[in-house]
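*Asks:* The UniProt record's numbering numbers the first residue of the sequence shown as 1 and each following residue consecutively. All C-beta atoms, glycine included, are put in the ideal place defined by N, C-alpha and C. Supplied in structure tokens, the structure appears directly below.
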Amino acid sequence: MSRPSSILFICRMNAVRSPMAEGLIKLLYPKQVYTRSCGVFAGERDPFVDSVMDELGMDLSGHHPKTFEDLAEDGFDLIVTLAPEAHHMALELTRTQHVDVEYWPTIDPTVATGSRAQIMDAYRAVRDTLKRKIEQRMQ
């Protein structure tokens with residue numbers, strides 16, 4: 001697989017997983033890879049995402065959840081889907097386009113319960129898993 005120069009990340013609500021992935025690309029490959037994110041549905045910003053990304057020096061305070069329709073962009077080399085409903089949507093939307101679509105099943109940390117520390121650990125685990133997957137894919 002060749003290294004993509006543009007990536008679109010899609011998850012369910014564009015509030016947690018796909019913004020994390022977009023932020024990680026921007027952090028790890030600044031000015032090397034064009035990236036955007038969207039969701040099947042537009043969700044609400046998640047403060048836990050801001051916190052765990054800030055730990056890496058990535059400011060996501062300007063992120064506003066959006067849908068694929070809100071994004072109104074195409075021409076990506078790679079679309080990475082992070083949730084089942086996002087994968088189904090991406091396959092349907094791209095069936096007549098020449099674009100690679102990859103499914104990276106990723107746990108939704110919003111279902112985590114417990115103390116604030118336990119919830120933060122769930123978000124960190126997702127962030128770190130996405131970081132590893134991105135680094136492997138970009139080799």
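1) Can you tell which of Gly39, His88, Val52, Met58 has its C-alpha closest to the C-alpha of proline 30?
2) With contact counted as at least three CB pairs below 8 Å, one residue from each stretch, are the stretch 4 to 22 and the stretch 31 to 47 in contact?
3) So tryptophan 104 and valine 80 are in contact, right, with Cβ under 8 Å, and what is the actual spacing, rounded?
4) Compare the C-alpha of leucine 130 against each of Gly23, Thr94, Gln32, Ser6 and name the closest.
5) What are the uninterrupted segments assigned as alpha helix (DSSP H) that are 4 or more residues long and contained completely in the stretch 85 to 139, given in chain order?
6) Would you list the one or two residues that DSSP bridges to serine 6?
7) Across which residues does DSSP place leucine 60 in a beta bridge pair?
8) Determine the burial state of leucine 78: buried for a count of at least 16 other Cβ atoms within 10 Å of its Cβ, exposed for fewer.
9) Quick one: what does DSSP say glycine 43 is sitting in, helix, strand or coil?
*Replies:* Per the coordinate set shown:
1) Walking along the sequence shown from the start, residue 30 turns up at place 30. Residue Met58 is the option with its Cα nearest to proline 30.
2) yes
3) Taking the sequence shown and counting its residues from 1, one reaches residue 104 at position 104. Taking the sequence shown and counting its residues from 1, one reaches residue 80 at position 80. At roughly 6 Å, the Cβ-Cβ gap stays under 8 Å, so tryptophan 104 and valine 80 are in contact.
4) Counted from its first residue, the sequence shown places residue 130 at position 130. When only C-alpha atoms are compared, the closest one is Gly23.
5) 116 to 137
6) Counted from its first residue, the sequence shown places residue 6 at position 6. DSSP output for serine 6 lists Tyr34 as bridge partner(s).
7) Translated into positions along the sequence shown, residue 60 becomes position 60. In DSSP, leucine 60 forms no bridge with anything.
8) Here residue 78 is taken as the residue at index 78 of the sequence shown, counted from 1. Buried: at least 16 other Cβ atoms inside 10 Å.
9) Here the question's residue 43 lines up with position 43 in the sequence shown. In this structure, glycine 43 counts as coil in the three-state DSSP scheme.
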